[in-house]
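Engineer:
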Amino acid sequence: MDGWRPGASARTLRARAEVFRAIRDFFHARGVIEVDTPLIGRFGVSDPAIEPLFVSAPRDAIAARRFLQTSPEFAMKRLLAAGSGPIYQLGKAFRAAEEGSRHNPEFTMLEWYRPGFDLDQLAAEVADLLGDCLGALGRPLPAVSTAAYAELFEEVLALDPHSAETDCLAAAAAAFTDVSGLVLDRDGWLDLLMSHAVEPALRDRGLVVVKDYPASQAALARCVERDGRRVADRCEVFLGGVELANGYRELLDPQVHRERAAVDNARRRAAGLEERKLDPRLLDALSSGLPDCSGVALGVDRLLMHALGADRLDEVLPFSWGRA
Amino acid sequence: MASFSTNEFRSGLKVMLDGDPCSILENEFVKPGKGQAFNRVRLRNLKSGRVWERTFKSGESLEGADVVDVTMQYLYSDGEFWHFMEPNTFEQHQADAAAVGDSAKWLKEQDSCEVTLYNGSPLSVTPANFVELEIVETDPGLKGDTAQGGTKPATLSTGAVVRVPLFITQGEVIRVDTRTGDYVARASKN
Numbered sequence: 001m002d003g004w005r006p007g008a009s010a011r012t013l014r015a016r017a018e019v020f021r022a023i024r025d026f027f028h029a030r031g032v033i034e035v036d037t038p039l040i041g042r043f044g045v046s047d048p049a050i051e052p053l054f055v056s057a058p059r060d061a062i063a064a065r066r067f068l069q070t071s072p073e074f075a076m077k078r079l080l081a082a083g084s085g086p087i088y089q090l091g092k093a094f095r096a097a098e099e100g101s102r103h104n105p106e107f108t109m110l111e112w113y114r115p116g117f118d119l120d121q122l123a124a125e126v127a128d129l130l131g132d133c134l135g136a137l138g139r140p141l142p143a144v145s146t147a148a149y150a151e152l153f154e155e156v157l158a159l160d161p162h163s164a165e166t167d168c169l170a171a172a173a174a175a176f177t178d179v180s181g182l183v184l185d186r187d188g189w190l191d192l193l194m195s196h197a198v199e200p201a202l203r204d205r206g207l208v209v210v211k212d213y214p215a216s217q218a219a220l221a222r223c224v225e226r227d228g229r230r231v232a233d234r235c236e237v238f239l240g241g242v243e244l245a246n247g248y249r250e251l252l253d254p255q256v257h258r259e260r261a262a263v264d265n266a267r268r269r270a271a272g273l274e275e276r277k278l279d280p281r282l283l284d285a286l287s288s289g290l291p292d293c294s295g296v297a298l299g300v301d302r303l304l305m306h307a308l309g310a311d312r313l314d315e316v317l318p319f320s321w322g323r324a
Numbered sequence: 325m326a327s328f329s330t331n332e333f334r335s336g337l338k339v340m341l342d343g344d345p346c347s348i349l350e351n352e353f354v355k356p357g358k359g360q361a362f363n364r365v366r367l368r369n370l371k372s373g374r375v376w377e378r379t380f381k382s383g384e385s386l387e388g389a390d391v392v393d394v395t396m397q398y399l400y401s402d403g404e405f406w407h408f409m410e411p412n413t414f415e416q417h418q419a420d421a422a423a424v425g426d427s428a429k430w431l432k433e434q435d436s437c438e439v440t441l442y443n444g445s446p447l448s449v450t451p452a453n454f455v456e457l458e459i460v461e462t463d464p465g466l467k468g469d470t471a472q473g474g475t476k477p478a479t480l481s482t483g484a485v486v487r488v489p490l491f492i493t494q495g496e497v498i499r500v501d502t503r504t505g506d507y508v509a510r511a512s513k514n
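In order, the protein sequence lines correspond to chains A and B.
The numbering of the first sequence is the working numbering, which starts it at 1 and goes up by one.
The numbering of the second sequence is the working numbering, which starts it at 325 and goes up by one.
(1) Just checking my contact of Asp311 of chain A with Ser101 of chain A at CB under 8 Å: how many whole Å lie between their CB atoms?
(2) Once DSSP output is grouped into helix, strand and coil, what is the label at Asn443 of chain B?
(3) Hey, does Leu190 of chain A have any beta-carbon neighbour from chain B nearer than 9 Å?
(4) Please give me, in chain order, every unbroken run of the alpha helix (DSSP H) with length at least 4 that falls completely inside the segment 63-96 of chain A.
(5) Check whether the Cβ atoms of Val497 of chain B and Ile459 of chain B lie closer than 9 Å to each other.
(6) Determine contact between the segment 168-187 of chain A and the segment 230-239 of chain A, defined as no fewer than three beta-carbon pairs at a distance below 8 Å.
(7) Note the first and the last residue of the continuous beta strand (DSSP E) segment covering Leu349 of chain B.
(8) Expressed to the nearest angstrom, what Euclidean distance is found between the alpha-carbon atoms of Gly135 of chain A and Tyr88 of chain A?
(9) Just the C-alpha distance for Ser84 of chain A and Glu111 of chain A, rounded to the nearest angstrom, thanks.
(10) List in chain order: all unbroken alpha helix (DSSP H) runs of 4+ residues lying wholly within the segment 374-451 of chain B.
(11) Tell me, please, which residues DSSP counts as bridged to Gly100 of chain A.
(12) When you compare the CB of Asp301 of chain A with every CB in chain B, is at least one pair closer than 9 Å?
(13) Would Glu243 of chain A count as contacting chain B if we go by Cβ distances under 9 Å?
(14) List, in order along the chain, the chain B residues whose C-beta lies closer than 8 Å to that of Thr177 of chain A?
(15) Under 8 Å by Cβ, that's how I've got Val55 of chain A and Ile40 of chain A pegged, so tell me the actual separation to the nearest angstrom.
(16) If you reduce the DSSP assignment to three classes, tell me which class Asn453 of chain B lands in.
(17) Give a yes or no on whether 9 Å exceeds the smallest Cβ distance from Ala361 of chain B to chain A.
(18) Thinking C-beta only, is Val354 of chain B closer than 9 Å to Asn363 of chain B?
(19) Tell me whether Thr395 of chain B is buried or exposed, calling it buried when 16 or more other Cβ atoms sit within 10 Å of its Cβ.
(20) Ala8 of chain A to Arg302 of chain A, Cα distance in whole Å?
(21) If you draw a straight line from the C-alpha of Val35 of chain A to the C-alpha of Phe20 of chain A, how long is it?
(22) Going by the CB atoms, is the gap between Val296 of chain A and Gly247 of chain A shorter than 9 Å?
(23) Looking at chain B, which residues of the segment 250-272 of chain A have a Cβ within less than 8 Å of any of its Cβ atoms?
(24) By a C-beta neighbour count over all protein chains shown, 10 Å radius and 16 as the cutoff for buried, is Asp314 of chain A buried or exposed?
(25) If the cut is a Cβ gap below 7 Å, which residues of chain E does His306 of chain A touch?
(26) Pull up the distance between the alpha-carbon of Val316 of chain A and that of Glu352 of chain B, whole angstroms please.
(27) Is it a yes or a no for the segment 383-393 of chain B touching the segment 404-415 of chain B, going by three-plus beta-carbon pairs under 8 Å?
(28) Taking C-alpha atoms, which residue in B:Cys346, B:Ser448 and B:Glu384 lies nearest to Glu332 of chain B?
(29) By Cβ distance, which residues of its chain are closer than 6 Å to Glu350 of chain B, with the 5 residues on each side in sequence left out?
(30) Starting from the beta carbon of Gln357 of chain B, find every residue of chain A whose beta carbon is closer than 7 Å, and list them in chain order.
(31) Could you tell me which chain A residues have their CB closer than 7 Å to the CB of Glu352 of chain B, listed as they occur along the chain?
(32) Per DSSP, Trp112 of chain A forms a beta bridge with which residues?
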């Protein structure tokens, strides 16, 4: 009989509203403007690990279906290329089949882009923003530290994630969970180790900015040479061991963009997934010139979960997937 | 039997894994924002009782196990098998020592218990949480003992040995928590 009730208490709803307001105040004070791009687009991302939800009218052909956006990235980049200057978007994003204590298929994402910022500047701004959001709830910002992806693997697992053989990664994983029957590529094992071994080790370390991801996990970040090794100029922000934000020094070159999409689609094919067409308007925007910029997406629901000491997203959402 | 995908794994679901029926205890979805999604699943092997965690790629599936829990009446033991009956159909099942295991010491004839059937045969037996059994042997109670006193061992009609207060005497019927093996109270005599 109580199925109609929200997961979030009245107190939690007020905290959500405080955080929304802190975010808008933060960007207003810094001259970053709010934009609201479409939630429904004609194209979806090629990332093999991200599946969209579709929308279609009753008599639409499959070709006419549209994608609920998994992030506002493509539309925001078109705005940047058109000369918007620094922009942010606070809204819903959708990812199929991602449901659990830290995942909800429909979630609130804050994404922003800073022309002229490098990734360190952007990571510093993420920490400032989190300080304001936590402050609005009367909570202090924990200690902030930075670590390279490889440093953490070295420390927690005593292996080099850039050079270790796949077998060696699989053997390391077996110490943390039963992996019998699991068939993964090299990045899959790295993901398993990151989520099962490294993340839990970050639980008591406050705010940790992890940078220099393997080049194979660059997604739409630029790759750079660091200490003679090619890495992705990408960072992830962990708060209390929970992944909160993912930032890139954005890839500008439309040709490299096409190549990355081709690699994604090859992996999608191999995994039996539908391939994704590249958005030609995004490519045209990139060709016309995306300003040198860094961008980041942050999970607002997870931030609330952390700030309020909740164990499940369901406790901080008005109506999670199961209640919607 | 239907098969179940990782996103359908719920606590209590029975699945086949490595040829054995298992019960799912917990299922946690983990996924880096950009990366492979996994389900970390805690399972109990219903044959061995072993509990462990296995990680699956999200979207993989397992075949369901033909496992059902049925309330049955315990009839008797012939020394090799324990015999049970479904009260509605009068259908009888026999369970061996491996299936009955430690539960044997709580089974009193005519009592109801939960029999887990795997492909129609008893896989395990779970006694009621509380059973009432007669004490067949214990040292005599000492005068002046009260409820706060110490305890002594008592052998029950089924062979189980439990610690009881000193004032409890042979021939009395007591109530025992089968999950812990603890004495709960004197049972009212019928």
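By construction, the Cβ of each residue, glycine as well, lies at the ideal position given by its N, Cα and C atoms.
Structural biologist: Put simply:
(1) Counting from 1 along the first sequence, the entry for residue 311 of chain A is found at position 311. Counting from 1 along the first sequence, the entry for residue 101 of chain A is found at position 101. Confirmed, Cβ separation roughly 6 Å.
(2) Residue numbering aside, residue 443 of chain B sits at position 119 when the second sequence is read from its first letter. Coil, per DSSP.
(3) Mapped onto the first sequence, residue 190 of chain A falls at position 190. Yes, its Cβ sits closer than 9 Å to a Cβ of chain B.
(4) 73-81
(5) In the second sequence, the residue the question calls residue 497 of chain B occupies position 173. In the second sequence, the residue the question calls residue 459 of chain B occupies position 135. Going by C-beta atoms, Val497 of chain B is nearer than 9 Å to Ile459 of chain B.
(6) no
(7) In the second sequence, counting from the first residue as 1, residue 349 of chain B sits at position 25. Leu349 of chain B -> beta strand (DSSP E) spans Asp344 to Val354.
(8) As a working mapping, residue 135 of chain A is identified with position 135 in the first sequence. As a working mapping, residue 88 of chain A is identified with position 88 in the first sequence. Each residue's alpha carbon lies about 20 Å from the other.
(9) Position 84 of the first sequence, counted from the first residue, corresponds to residue 84 of chain A. Position 111 of the first sequence, counted from the first residue, corresponds to residue 111 of chain A. Computed Cα separation, rounded: 15 Å.
(10) 421-424
(11) For this step, residue 100 of chain A is matched to residue 100 along the first sequence. The partner list for Gly100 of chain A (beta bridge, DSSP) reads A:His103.
(12) By 1-based counting over the first sequence, the position of residue 301 of chain A is 301. Chain B contact via Cβ: absent.
(13) Translated into the one-based positions of the first sequence, residue 243 of chain A becomes position 243. Yes, Glu243 of chain A counts as interfacial toward chain B.
(14) Within the first sequence, numbered from 1, the residue matching residue 177 of chain A stands at position 177. Going along chain B in sequence order, the residues near Thr177 of chain A (Cβ under 8 Å) are Arg364, Glu377, Arg378 and Thr379.
(15) For the purposes of this step, residue 55 of chain A is taken as the residue at position 55 of the first sequence. For the purposes of this step, residue 40 of chain A is taken as the residue at position 40 of the first sequence. 6 Å between Cβ atoms; contact.
(16) On the second sequence, residue 453 of chain B is found 129 positions in, with the first residue counted as 1. Three-state result, Asn453 of chain B: coil.
(17) For the purposes of this step, residue 361 of chain B is identified with residue 37 of the second sequence, where counting begins at 1. Judged by the 9 Å Cβ criterion, Ala361 of chain B is in contact with chain A.
(18) Translated into the one-based positions of the second sequence, residue 363 of chain B becomes position 39. Translated into the one-based positions of the second sequence, residue 354 of chain B becomes position 30. The criterion of a C-beta distance shorter than 9 Å is satisfied by Asn363 of chain B and Val354 of chain B.
(19) Your numbering for residue 395 of chain B matches position 71 in the second sequence. Classification for Thr395 of chain B: exposed.
(20) For the purposes of this step, residue 8 of chain A is taken as the residue at position 8 of the first sequence. For the purposes of this step, residue 302 of chain A is taken as the residue at position 302 of the first sequence. Roughly 13 Å between the two C-alpha positions.
(21) For the purposes of this step, residue 35 of chain A is taken as the residue at position 35 of the first sequence. For the purposes of this step, residue 20 of chain A is taken as the residue at position 20 of the first sequence. Distance between the alpha carbons of Val35 of chain A and Phe20 of chain A: 14 Å.
(22) Position 247 of the first sequence, counted from the start, is the residue given in the question as residue 247 of chain A. Position 296 of the first sequence, counted from the start, is the residue given in the question as residue 296 of chain A. In contact: Gly247 of chain A and Val296 of chain A (Cβ atoms closer than 9 Å).
(23) none
(24) In the first sequence, counting from the first residue as 1, residue 314 of chain A sits at position 314. So Asp314 of chain A ends up on the buried side.
(25) Here chain E cannot be found, since the structure's protein chains are A and B.
(26) Here the question's residue 316 of chain A lines up with position 316 in the first sequence. Here the question's residue 352 of chain B lines up with position 28 in the second sequence. If you take the alpha carbons of Val316 of chain A and Glu352 of chain B, they lie about 18 Å apart.
(27) no
(28) Translated into positions along the second sequence, residue 332 of chain B becomes position 8. Taking only the C-alpha atoms, the option nearest Glu332 of chain B is B:Glu384.
(29) On the second sequence, position 26 is the one that residue 350 of chain B refers to. Excluding residues within five positions, the ones whose Cβ falls inside 6 Å are Arg366.
(30) Mapped onto the second sequence, residue 357 of chain B falls at position 33. Just to set this straight, residue 357 of chain B is Gly in the shown sequence, not Gln. Residues of chain A passing the Cβ test: Glu243 and Asn246.
(31) Taking the first residue of the second sequence as position 1, residue 352 of chain B is located at position 28. Going along chain A in sequence order, the residues near Glu352 of chain B (Cβ under 7 Å) are Gly100 and Ser101.
(32) Reading the first sequence from its first residue, position 112 is the one you call residue 112 of chain A. Partner(s): A:Tyr88 and A:Val296.
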